[in-house]
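Novice: For the sequence shown, this note's numbering gives the first residue as 2, with consecutive numbering after it.
After the structure tokens below, expect a handful of questions from me.
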Amino acid sequence: MRRKLWLIIVLALLGSSGWGITAFPAQEDTGKASEKKEKAETLPEIVVTATKTPRNPDDIPASITVITKEDIARQNIQTADDALRQVPGTFVKRGKGIMDTMMAVSLRGFPADTQKRTLVLFDGQDMSSGYTNTVRWSSLAVEDIERIEVIRGPFSALYGGNAMGGVINIITKTTKKLELGANFEYATYDTYNYYLSAGNRFWDRLSLKASYKSRETAGYPANLVTRTASHWTVRPRVFVSGWEQTLTSTGTPTYIIGDSGDSSWRDHIFEGKLSWDIADGQKINAVVLLNWNKYWYGPFHTYLTDGVHPVVRGTVGLIPLGQDPTRRFSSLQEGAFLNGFGWEHIAIYALDTEHRLTDSTTLKLKTGLVNNPLNAYTTPSSSNAATSKKGGPGTYTSTPSKNWNMEVQIDQTIGSMQVLTGGLVYKGGWAKAKDYNLYNWRDQNSKTRETRASGGRDRNFALYLQDEITWHPMVTTVIGGRLDWWSTYGGSFMDLSTTRIVPLTNLPGRKDSAFSPKVALLFKPWEWMSWRASCGTAFRPPNVYELYRTWRSSMGTLYRGNPDLVPETTKAWEVGCTLKPFKGTVLSTTFYQNFVKDLIYRVQDPTDPTGRTQDYRNAAKARIAGWELEVTQKVCRWLDIFGNLTLVDARIRENPFDRNSVGKKITYTPRQQYNFGANANYWILNVNLTGRYVSKVHSRADNGDVVNNVPGSYDPFFTLDTKVTVTPLPWCNISLAINNLMDRQYFYGTSLTPGRTWWLQAGVKY
Numbered sequence: 002m003r004r005k006l007w008l009i010i011v012l013a014l015l016g017s018s019g020w021g022i023t024a025f026p027a028q029e030d031t032g033k034a035s036e037k038k039e040k041a042e043t044l045p046e047i048v049v050t051a052t053k054t055p056r057n058p059d060d061i062p063a064s065i066t067v068i069t070k071e072d073i074a075r076q077n078i079q080t081a082d083d084a085l086r087q088v089p090g091t092f093v094k095r096g097k098g099i100m101d102t103m104m105a106v107s108l109r110g111f112p113a114d115t116q117k118r119t120l121v122l123f124d125g126q127d128m129s130s131g132y133t134n135t136v137r138w139s140s141l142a143v144e145d146i147e148r149i150e151v152i153r154g155p156f157s158a159l160y161g162g163n164a165m166g167g168v169i170n171i172i173t174k175t176t177k178k179l180e181l182g183a184n185f186e187y188a189t190y191d192t193y194n195y196y197l198s199a200g201n202r203f204w205d206r207l208s209l210k211a212s213y214k215s216r217e218t219a220g221y222p223a224n225l226v227t228r229t230a231s232h233w234t235v236r237p238r239v240f241v242s243g244w245e246q247t248l249t250s251t252g253t254p255t256y257i258i259g260d261s262g263d264s265s266w267r268d269h270i271f272e273g274k275l276s277w278d279i280a281d282g283q284k285i286n287a288v289v290l291l292n293w294n295k296y297w298y299g300p301f302h303t304y305l306t307d308g309v310h311p312v313v314r315g316t317v318g319l320i321p322l323g324q325d326p327t328r329r330f331s332s333l334q335e336g337a338f339l340n341g342f343g344w345e346h347i348a349i350y351a352l353d354t355e356h357r358l359t360d361s362t363t364l365k366l367k368t369g370l371v372n373n374p375l376n377a378y379t380t381p382s383s384s385n386a387a388t389s390k391k392g393g394p395g396t397y398t399s400t401p402s403k404n405w406n407m408e409v410q411i412d413q414t415i416g417s418m419q420v421l422t423g424g425l426v427y428k429g430g431w432a433k434a435k436d437y438n439l440y441n442w443r444d445q446n447s448k449t450r451e452t453r454a455s456g457g458r459d460r461n462f463a464l465y466l467q468d469e470i471t472w473h474p475m476v477t478t479v480i481g482g483r484l485d486w487w488s489t490y491g492g493s494f495m496d497l498s499t500t501r502i503v504p505l506t507n508l509p510g511r512k513d514s515a516f517s518p519k520v521a522l523l524f525k526p527w528e529w530m531s532w533r534a535s536c537g538t539a540f541r542p543p544n545v546y547e548l549y550r551t552w553r554s555s556m557g558t559l560y561r562g563n564p565d566l567v568p569e570t571t572k573a574w575e576v577g578c579t580l581k582p583f584k585g586t587v588l589s590t591t592f593y594q595n596f597v598k599d600l601i602y603r604v605q606d607p608t609d610p611t612g613r614t615q616d617y618r619n620a621a622k623a624r625i626a627g628w629e630l631e632v633t634q635k636v637c638r639w640l641d642i643f644g645n646l647t648l649v650d651a652r653i654r655e656n657p658f659d660r661n662s663v664g665k666k667i668t669y670t671p672r673q674q675y676n677f678g679a680n681a682n683y684w685i686l687n688v689n690l691t692g693r694y695v696s697k698v699h700s701r702a703d704n705g706d707v708v709n710n711v712p713g714s715y716d717p718f719f720t721l722d723t724k725v726t727v728t729p730l731p732w733c734n735i736s737l738a739i740n741n742l743m744d745r746q747y748f749y750g751t752s753l754t755p756g757r758t759w760w761l762q763a764g765v766k767y
């Protein structure tokens, strides 16, 4: 009985964010179903990401959260990053649902402008792009996920670059018997989701599984159009109403005059997986993930009217309505309301094999490719020549990329207390960005000439070694280190879009190396208490985008890459404690610090007197200090509750290129987050309720964006979500989910969040 209780507590700890037990809760509290549940709870959880070897997370000196397929099913999880929202120390940046193309997830207070400082794996393979290191989280069907392992803290000692904040490993399902499944969902904004899957295991050795998912949404007007008014001295011929006076995030007066239309989305996802147990100790796994997506905008809406007709162009005066009667919109153009559309195709291939050479030696081989052959979008011109119906001039931008990797790993068990893990790694990336003028921005085939091009390659060779020793049932240590050799080459740039023509120019390459050691200790003086501590270093080399990409915005600002960038580095430590004082109670707390050097930041070029040029520079030193607190409680057999709190103080300490940023909060990092919730699972009914709060996020290095509830601001928000699932029969379920119960709309950058949404889902399985 004591062992059973201990294992239940372990499972509760692994669900440190309040994760549940079953996705299909039918008949769980009666008869044989209840007996099966009790047997399942006696099986210890196993993770592989923290040490690259199978381990019970209770025996690893690291901050670990495991999200299971059951956890995903009991909540309204539409994309893989949605599943991470309640994990302490994790910030999920997504503003407008599945249509968001700028989503990112960050761990431990690192900036979430893009994905580049948190490593994301797909069945153990790096799934980031070779261009910006971003991850298209929506390219995964959540129905295919077996579990997600979130390991917080620096892990360059095992995984090299991009693992500064931690590692997220998304592990897909492997079929164990004949399985057929289908789901259908309908939701707000005419959203349709379809999912089909089939799989079987043959001869108790070969598992095959295939799935297909299709999603489409008409969307909502997420992007508001704003315009600054100027004074007029000559009376305009036309006066308009319908505008709304507001501010920018820095407090400058501006006006909302319309929106770009409904932000729509369509995608198709195919996944195939093969798992073959060739012989005892000999395994092979192969996964293929293909994703096609497209986003576009419906007809735009102008809020301006002259009292009879809508107004989209010209120089117009504002009907005062208590405001300055001398204000006007000068040279208003239809192009200001327009937004382009884009397409993307992602193909991920992963292959790994495992060979047990002896009873104590295992050889693992891994190889993978992330191919992004199509990543393109159009941008209409802001001039009067661009219209919604006829098209008109615009630009076409294409950024194909590839990212491939290979790894050889050997695990050597020494006695019953020690495991050595070592390996060799090779990674390479390539990307090429090209801009073209379009005769018609609505037709991507109407390209006229190439105006700008940039691109390059990078590669990384590494070797690592880790020693895990269980000195005593109460003491475990993990000591490891990794040596990386990183280089870039083949960089080039061309700009024919301005009067200052830059012909094709070859840019210099870069070489560097990094040694990333780490030491971790686990101390368990009693069964109900464990302490963990670690210290180590991590690094991130600049990506191809930061090194070579140069482009000019529609507002005239020039954003330049910098081929002279050096890798970012961090020195970090953490200490944490987990307590299990009572039956069903788990309390865990962690304090950590990161000392970051050579942080890559966008800064204004001091040599440009117009202030319209921004460069990437190794411009800053920063310190990130954080505290994570989480508690779970199994109130009774059918009710679980949880809560967690994350506090982060992330600030720039030195920045010679931008002194206004010194002492300010790091961009795209919330200072406070908390989550709480409950899950009730009784008979055929499962009810889930969760709450989430995220504090203000700054997008400016000087933290000057202090105004909330205006376009361009990253507002603090609190939301409540719920999902009710009924399982009348073991092979079918019906659910209703409501996100943002209180209908709280807020701005997340340029996007206005959707407010309250509902989802109706029906699923069958065999």
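Where is the CB? At the ideal position from N, CA and C, for every residue including glycine.
What separation, rounded to the nearest whole angstrom, lies between the Cα atoms of VAL604 and GLN116?
Specialist: C-alpha separation (whole angstroms): 20 Å.
Novice: Mapping the DSSP letters down to three states, classify ASP281 as helix, strand or coil.
Specialist: In this structure, ASP281 counts as coil in the three-state DSSP scheme.
Novice: Whole alpha helix (DSSP H) runs in the segment 395-427 with 4 or more residues, listed along the chain?
Specialist: The qualifying runs do not exist here; there are none.
Novice: Could you pull out every residue in the same chain whose Cβ sits closer than 7 Å to the Cβ of TRP344, ignoring the five residues on either side in sequence?
Specialist: Closer than 7 Å at the Cβ level, and outside the excluded window around TRP344, lie LYS295, LEU375, ALA377.
Novice: When you compare each of SER215, LEU522, GLY154 to ASP268 by their alpha carbons, which one comes out closest?
Specialist: It is SER215 whose Cα lies nearest to the Cα of ASP268.
Novice: Give me, in chain order, the residues of the same chain whose beta-carbon lies closer than 8 Å to that of VAL312; leave out the 5 immediate sequence neighbours on both sides.
Specialist: Counting only Cβ-Cβ distances below 8 Å, and skipping sequence neighbours, we find VAL239, VAL241, THR303, LEU305, THR306, LEU333.
Novice: Keeping to the same chain, check which residues put their C-beta closer than 6 Å to that of ARG357; ignore five residues upstream and five downstream.
Specialist: Same-chain partners within the cutoff: GLY282, THR363.
Novice: Would you list the residues sitting across from ASP268 in a DSSP beta bridge?
Specialist: BP columns for ASP268 point to ARG216, ASN294.
Novice: Consult DSSP for PHE156 and reduce its assignment to one of helix, strand or coil.
Specialist: Coil.
Novice: Our contact map puts THR751 next to ALA738 with C-beta atoms below 8 Å; I'd like the distance itself, whole angstroms only.
Specialist: That pair is no contact at about 27 Å.
Novice: Could you name the residues of the same chain whose beta carbon sits closer than 6 Å to that of THR192, not counting the 5 residues immediately before and after it, in chain order?
Specialist: The residues are THR218.
Novice: Could you pull the DSSP bridge partners for TRP628 from this structure?
Specialist: Answer is PHE592, LEU648, bridged to TRP628.
Novice: Taking the alpha carbon of LEU275 as the reference point, which residue from THR489, GLY395, THR176 has its own alpha carbon closest?
Specialist: For the residues THR489, GLY395, THR176, the minimum Cα distance to LEU275 belongs to THR176.
Novice: For LYS697, which residues from the same chain have a beta carbon less than 6 Å from its beta carbon, with the 5 sequence-adjacent residues on both sides left out?
Specialist: So the qualifying residues of the chain are PRO717.
Novice: Since ASN438 and THR452 should fall inside the 8 Å C-beta cutoff, what is the C-beta to C-beta distance between them, to a whole number of angstroms?
Specialist: About 6 Å separates the two Cβ atoms, so the contact holds.
Novice: With ILE73 as the anchor, note down where its alpha helix (DSSP H) starts and where it stops.
Specialist: Where ILE73 is concerned, the enclosing alpha helix (DSSP H) stretches over 70-74.
Novice: What are the boundary residues of the alpha helix (DSSP H) that includes TYR549?
Specialist: Here the alpha helix (DSSP H) through TYR549 covers 545-549.
Novice: By DSSP, does TYR560 sit in helix, in strand, or in coil?
Specialist: Three-state DSSP puts TYR560 in a strand.
Novice: Out of ILE99, GLU245, THR400, point me to the one whose CA is closest to ASP82's CA.
Specialist: ASP82 has its Cα closest to that of ILE99, out of ILE99, GLU245, THR400.
Novice: Within a Cβ cutoff of 8 Å, which residues of the same chain sit near GLY32, ignoring the five residues on either side of it in sequence?
Specialist: Per-residue confidence for GLY32 stands at a pLDDT of 38, beneath the threshold of 50, marking its modelled position as unreliable; the derived number appears in the next sentence. Taken in chain order, the list of residues that qualify is empty.
Novice: Per DSSP, what are the beta-bridge partners of TYR715 in this structure?
Specialist: For TYR715, which the question treats as bridged, DSSP gives the partners VAL698, TYR749.
Novice: Of the choices ARG693, ASN734, TRP405, whose alpha-carbon is the least far from that of ARG745?
Specialist: Measuring from the Cα of ARG745, the nearest candidate turns out to be ARG693.
Novice: Are the Cβ atoms of ILE270 and TRP277 separated by less than 7 Å?
Specialist: No. Outside cutoff.
Novice: Let me make sure I understand the geometry here. Which of LYS210, ASN544, TRP204, GLY125 has the alpha-carbon closest to that of GLY429?
Specialist: Cα-wise, what sits closest to GLY429 is ASN544.
Novice: Within 10 Å of its beta-carbon, does VAL121 have 16 or more other beta-carbons around it, so buried, or fewer, so exposed?
Specialist: Buried, because 16 or more other Cβ atoms sit within 10 Å of the Cβ of VAL121.
Novice: Would you report the Cα separation of VAL309 and GLY336, rounded to the nearest angstrom?
Specialist: Answer to the nearest angstrom: the Cα atoms are 22 Å apart.
Novice: Does the count of Cβ pairs from the segment 124-144 and the segment 557-566 closer than 8 Å reach three?
Specialist: With a cut-off of 8 Å, the segment 557-566 and the segment 124-144 do not count as touching, because too few Cβ pairs lie within range.
Novice: Could you please give me the residues that DSSP links to LEU468 through a beta bridge?
Specialist: Reading off the sequence, residue 468 comes out as Asp, not Leu. Paired residues: LEU421, ILE480.
Novice: Could you pull out every residue in the same chain whose Cβ sits closer than 8 Å to the Cβ of LEU248, ignoring the five residues on either side in sequence?
Specialist: Within the same chain, LEU248 has close Cβ partners PRO254, THR255, VAL708, VAL711.
Novice: Taking contact to mean 3 or more Cβ pairs, one atom from each stretch, closer than 8 Å, check whether the segment 632-645 and the segment 669-685 are in contact.
Specialist: Touching, yes, given that three or more Cβ pairs across the two stretches are closer than 8 Å.
Novice: Please determine if the segment 518-536 and the segment 141-161 are in contact, where contact requires at least 3 C-beta pairs separated by less than 8 Å.
Specialist: Contact between the segment 518-536 and the segment 141-161 is present, because at least three Cβ pairs lie under 8 Å.
Novice: Hey, PRO401 and ASN373 are a contact pair by Cβ (cut 8 Å); roughly how many whole angstroms apart?
Specialist: Between ASN373 and PRO401 the Cβ distance is about 6 Å, and since that is below 8 Å, they are a contact.
Novice: Relative to the alpha-carbon of LEU464, which residue among LEU209, GLY482, PRO474 has its alpha-carbon at the smallest distance?
Specialist: The residue with the shortest Cα to Cα distance from LEU464 is GLY482.
Novice: Look at the alpha carbon of ALA105 and the alpha carbon of SER389, and state the distance between them as a whole number of angstroms.
Specialist: ALA105 and SER389: Cα-Cα distance of roughly 31 Å.
Novice: The beta strand (DSSP E) spanning HIS356 covers which residue range?
Specialist: Looking at the DSSP string, the run of the beta strand (DSSP E) that includes HIS356 is 343-357.
Novice: Taking the beta carbon of TYR187 as the centre, do at least 16 other beta carbons fall within 10 Å, making it buried, or is it exposed?
Specialist: When all chains shown are included, TYR187 counts as exposed.
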